[in-house]
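A.B. asks:
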Amino acid sequence: MCALCGVLGADDHWTSAVSRPGVYTRNEDRVSRRREAAKRLKIANAVLQTRRLDLREWQGGTYILSNATGGTRVFQSLAHMWPEAEAMVSSGFDPLDAGFLQKIEEIAS
């Protein structure tokens, strides 16, 4: 499949849920969905920056992950972020690593 077909054929991720009968979501309208997406992006970048990675949103539904050397990965939802981040970092991305947890605690405080 070509890259363009992958972008055009993607389904929405559950975190971008649209309000409808019988389904709870805080995303009542387009503005609240964009606000929530911006919050998720900010949190993801705080974590990714511990490994010199940067995440940007493209066209409201695709993500671009970049490293300090200019390498990039394009993917459809935040569910794909961790495998892509791990592939871009030579030392891997262990969420239980003591050093990593310490950096996250510093960010949170």
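Position one of the sequence shown corresponds to residue -2 (our numbering), numbered consecutively onward.
We put the CB at the ideal spot given by N, CA and C, even for glycine.
Of all Cβ atoms in chain B, is any one closer than 8 Å to the Cβ of residue 31?
C.D. replies: Absence of chain B from the displayed structure is noted, only one protein chain being present.
A.B. asks: Taking just the CA atoms, how far does residue 27 sit from residue 65?
C.D. replies: Walking along the sequence shown from the start, residue 65 turns up at place 68. Walking along the sequence shown from the start, residue 27 turns up at place 30. Looking at the two C-alpha atoms, the distance is approximately 33 Å.
A.B. asks: Under a three-way DSSP split, which group does residue 54 fall into?
C.D. replies: If you number the sequence shown from 1, residue 54 lands on position 57. DSSP places residue 54 in strand when its eight states are reduced to three.
A.B. asks: Can you give me the C-alpha to C-alpha distance between residue 87 and residue 48, rounded to a whole angstrom?
C.D. replies: Working through the sequence shown from its first residue, we reach residue 87 at position 90. Working through the sequence shown from its first residue, we reach residue 48 at position 51. One C-alpha to the other measures close to 10 Å.
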